[in-house]
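Peer 1: Chains as they are written, first to last, in the working numbering: chain A, 54 to 463; chain B, 54 to 463.
First, the structure itself, so that you have it in front of you.
Pasting the structure below:
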């Protein structure tokens, strides 16, 4: 790793070892710790067992410079992280009267009485710094142990991220001198991006670039460190953006749907969707953006041929001649979406499988069309994978086609 | 844990330590190992570092009866799991001529030449049993170490699961005598379920019941072991199903959308949706079910008031009098969905936030209506959480209201 500081992550919670749950705080940790100059090299999920957690903390503190523990700071008997740390390091726990008073005030404000066991959330490891929790009750705790850092944060995702952003990143991020930028690409596969960026590795260092790909979207994570980090990062960004070309749709936390909503707003255009095989996925993505209602009027999920005709005006003769999954139908659906009262239309029709394929139109065949005041675009695909993957690829490539269509021209 | 055998899981792969990736094989492992009588007590993600992986395998073999390692069995230099195990246990690697020949044949079949480095996939730990990979090239390996089991499986999810199902579960599942069943509930919160099932814990054992909840859906994981496992499980199932009542919608892998598609098919009914705040989420859920096109004709995402009127026939005067988010509008939207050519309609209208709330109708206010040939149902909610959570709760409660509506009567 370029900057050499290593972090380990422990998620405490028996529920994380069962078949339906995944810890997601480690994703937030990986991203934010990178800004602080730490590379995450190990993560563990552990059951709520005081000995096990104590053991793991001891092990990790010997191997990495920062150990971040998520969870187990709540009020119940299952919440054993504080005690586990006390065991692991031979430290005592001290009840902090200030935190206790704040806890009581919080309960009073909510019209409830704090249960006795809730006072445990005011127990602080001797010598630890308390990191206030802006979104909840249990505060974080930060402890220096033989020159290494031990950071305890609540497991509730919103509280975990809030304390990281308010107390951890400002403190370590600047000192680390690490600058990071994510370039977001869509409508392209990982292998294509890898070929194009390979010549840049030598110039900027292989460790400073990470490629993350997922179903038609590719993120390029760039970082630079040291006194000239900002200047270097700017140079990297412009070099990688040049190779990305029109596949680049945004930076950092910008989603494809967010970028489209902003594009449409800038142009004063509105959008309606006409979905078949994606069944509402595209509408769901777009409306996940707060404020989408300014530009998104709505859409039609035209799963049956009858609805393709009755709501979108696709002629039955066209459907009979070319089939529901065809370039012609996609174009007619996009045109039909305009009749919902929008200036732009986006249509998707395809065969998601597992049944419905034929030799000429196998499972994975998808046609997409986007129409704007500047014109019509069409793209045809044969996507790999199962039903879920074909649908996600179709939704992602459709949003990307729309982005390119809306983005062109003045 | 009831049956006392503990398993640890290690996912090997540097990409799993970055901000965009989560290991999901551990979810499959947790579920399938449970059928084999093992409880997962720890999982770790590690970078592709031979020493780190060797170290972790050594540590876990001292603490649990089974260590399952996912990934690092491919052909590249990054794939270091085989060597790490050899280091950890002081075993040698032996190239297996049979596997080597199979690898070569596979490449020939694909019209390619096997690269020299690919032969590494034929390296087997001395004394290990080879578990053939029905979906890929690298086989699994099973080794007994001082009375404990070490299982190495490829990290590609389809290959991981296939080897578990074909080679591991049949071998250990029967011997363990563990029977398991999941009861799936919807339209209910975890705390309500907990209160109702609490009296059953004593009778069947707290360790045999796990509650997993997520946004309006609750799973009850039941298990029994020993010679009378099947009979005990049947007794548990009937007792828990009785407390669940009408909230129970399915078993094991059945999703809410799958159950609804089956219900509609049985009754010979069809469905159209009218979504506002969910923006297509409900349609996307329904069409995730293969064969949904038999009963789902499609729907309208009526995000704007204009579309609510033009496509669903909601009178503008009704919208003006009661607002777009109201019981009256939800009922009119559901009725309007029938005009798309279906016998059942499902409508959702709400305020997902963060903006758009008012003192009378705060963010989280959602109205749902379902109409079937048996009549109309309505439900109003004030959901907690952010935009994404309100939308997911709305989609889940809407599907559940529809399930109850379609399920009633003959």
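All residues carry an ideal CB built from backbone N, CA and C; glycine is no exception.
Please classify residue 161 of chain B as buried or exposed, where buried requires at least 16 neighbouring CB atoms within 10 angstroms.
Peer 2: So residue 161 of chain B counts as exposed.
Peer 1: Does DSSP classify residue 167 of chain A as helix, strand or coil?
Peer 2: DSSP places residue 167 of chain A in coil when its eight states are reduced to three.
Peer 1: Which bits of chain A does residue 311 of chain B rub up against, with CB to CB less than 9 Å?
Peer 2: Neighbours of residue 311 of chain B on chain A: none; closest Cβ ~13 Å, over 9 Å.
Peer 1: For the beta strand (DSSP E) holding residue 442 of chain A, just list the boundary residues, first then last.
Peer 2: Premise fails: residue 442 of chain A lies in the alpha helix (DSSP H), 440-460, not in any beta strand (DSSP E).
Peer 1: With distance defined between alpha-carbon atoms, name the residue in A:119, A:397 and A:292 nearest to residue 452 of chain A.
Peer 2: Nearest of A:119, A:397 and A:292 to residue 452 of chain A, Cα basis: A:397.
Peer 1: Taking three-plus beta-carbon pairs below 8 Å as touching, is the segment 256-269 of chain B in contact with the segment 208-217 of chain B?
Peer 2: Verdict: no, contact absent.
Peer 1: Starting from the beta carbon of residue 445 of chain B, find every residue of chain A whose beta carbon is closer than 8 Å, and list them in chain order.
Peer 2: By Cβ distance, chain A contributes nothing, its closest Cβ being about 10 Å from residue 445 of chain B, past 8 Å.
Peer 1: Note the first and the last residue of the continuous alpha helix (DSSP H) segment covering residue 429 of chain B.
Peer 2: No alpha helix (DSSP H) holds residue 429 of chain B; the beta strand (DSSP E) holding it covers 428-435.
Peer 1: State buried or exposed for residue 166 of chain B, treating a residue as buried only when at least 16 other CB atoms are found within 10 Å of its CB.
Peer 2: Residue 166 of chain B comes out exposed.
Peer 1: Please tell me whether residue 56 of chain A has its Cβ less than 8 Å away from any Cβ of chain B.
Peer 2: Residue placement at residue 56 of chain A is poorly supported in this model, since its pLDDT is 47, which falls under 50; the coordinates still yield a value, given next. For residue 56 of chain A, the answer is no, since every Cβ of chain B falls outside 8 Å of its Cβ.
Peer 1: Count the other CB atoms within 10 Å of the CB of residue 170 of chain A; is the residue buried (16 or more) or exposed (fewer)?
Peer 2: Exposed: under 16 other Cβ atoms inside 10 Å.
Peer 1: Straight-line CA distance for residue 254 of chain A to residue 276 of chain A?
Peer 2: So the alpha carbons of these two residues sit roughly 12 Å apart.
Peer 1: Can you tell me the Cα-Cα spacing of residue 186 of chain A and residue 113 of chain A, whole angstroms?
Peer 2: Taking the straight line joining both Cα atoms gives about 25 Å.
Peer 1: If the cut-off is 9 Å on Cβ atoms, which residues from the segment 94-123 of chain B count as contacting chain A, listed in chain order?
Peer 2: Within the segment 94-123 of chain B, the qualifying residues are 94, 95, 96, 97, 98, 99, 100, 102, 105, 108, 109, 112 and 116.
Peer 1: Could you check the C-alpha separation between residue 426 of chain A and residue 351 of chain A for me, to the nearest Å?
Peer 2: Going by the C-alpha atoms only, they are around 18 Å apart.
Peer 1: Taking the beta strand (DSSP E) that residue 278 of chain B belongs to, which residues open and close that run?
Peer 2: Its beta strand (DSSP E) spans residues 270-278.
Peer 1: Write down every uninterrupted run of the beta strand (DSSP E) in the segment 204-282 of chain A whose length is 3 residues or greater and which is fully enclosed by it, in chain order.
Peer 2: Segments of the beta strand (DSSP E) lying fully in the segment 204-282 of chain A: 231-239, 262-267 and 270-278.
Peer 1: Quick one: Cα of residue 379 of chain A to Cα of residue 419 of chain A, how far?
Peer 2: Straight-line Cα distance between these residues: approximately 8 Å.
Peer 1: Please say whether residue 65 of chain A and residue 101 of chain A have beta carbons closer to each other than 8 Å?
Peer 2: A contact, by the Cβ cut-off of 8 Å.
Peer 1: Roughly how many angstroms separate the alpha carbons of residue 456 of chain B and residue 238 of chain B, rounded to a whole number?
Peer 2: Roughly 11 Å between the two C-alpha positions.
Peer 1: Any C-beta of chain B sitting closer than 8 Å to the C-beta of residue 350 of chain A?
Peer 2: With 8 Å as the cut-off, residue 350 of chain A counts as an interface residue toward chain B.
Peer 1: What residues from chain B crowd round residue 71 of chain A, counting only those whose CB sits closer than 8 Å?
Peer 2: Neighbours of residue 71 of chain A on chain B, chain order: 83, 93, 263, 265 and 274.
Peer 1: Along chain B, in chain order, which residues have C-beta atoms closer than 9 Å to that of residue 134 of chain A?
Peer 2: Near residue 134 of chain A there are no residues of chain B at all, since even the closest Cβ is about 15 Å away, more than 9 Å.
Peer 1: Between which two residues does the beta strand (DSSP E) containing residue 351 of chain A stretch?
Peer 2: Residue 351 of chain A -> beta strand (DSSP E) spans 349-355.
Peer 1: Using a Cβ-Cβ cut-off of less than 8 Å, give me the residues of the segment 234-257 of chain B that come near chain A, in sequence order.
Peer 2: Going along the segment 234-257 of chain B in chain order, one finds no residue with a Cβ nearer than 8 Å to chain A.
Peer 1: Which of the three DSSP states, helix, strand or coil, is assigned to residue 123 of chain A?
Peer 2: Strand at residue 123 of chain A.
Peer 1: Going along the chain, which residues of the segment 344-368 of chain A sit with their C-beta nearer than 9 Å to a C-beta in chain B?
Peer 2: Answer set for the segment 344-368 of chain A: 344, 345, 346, 349, 350, 351, 352, 353, 354, 355, 356, 357, 359, 360, 361, 363 and 364.
Peer 1: Would you call the segment 222-235 of chain A and the segment 88-106 of chain A touching, i.e. three or more CB-CB distances under 8 Å?
Peer 2: Yes, the segment 222-235 of chain A touches the segment 88-106 of chain A.
Peer 1: With 16 as the cutoff for other CB atoms within 10 Å, does residue 179 of chain A come out buried or exposed?
Peer 2: With fewer than 16 Cβ atoms within 10 Å of its Cβ, residue 179 of chain A is classed as exposed.
Peer 1: If we ignore side chains and look at the alpha-carbon of each, how far apart do residue 461 of chain B and residue 399 of chain B end up?
Peer 2: If I take the Cα positions, the gap works out to 15 Å.
Peer 1: Tell me the DSSP secondary structure of residue 414 of chain A in three-state form.
Peer 2: In this structure, residue 414 of chain A counts as coil in the three-state DSSP scheme.
Peer 1: Taking the alpha-carbon positions, what's the residue 59 of chain A to residue 118 of chain A distance?
Peer 2: Roughly 6 Å separates the two Cα atoms.
Peer 1: So what's residue 143 of chain A in DSSP terms, helix, strand or just coil?
Peer 2: Three-state result, residue 143 of chain A: coil.
Peer 1: Given a cut-off of 8 Å on the beta-carbon distance, is the pair residue 125 of chain B and residue 134 of chain B in contact?
Peer 2: It is a contact, given that the beta carbons lie within the stated cut-off.
Peer 1: How about residue 300 of chain B and residue 240 of chain B: are their beta carbons less than 8 Å apart?
Peer 2: Yes. Within cutoff.
Peer 1: When you check each C-beta in the segment 323-340 of chain B against every C-beta of chain A, which residues fall closer than 9 Å?
Peer 2: Answer in chain order: 323, 325, 326, 328, 329, 330, 331, 332, 333, 334, 335, 336, 337, 338, 339 and 340.
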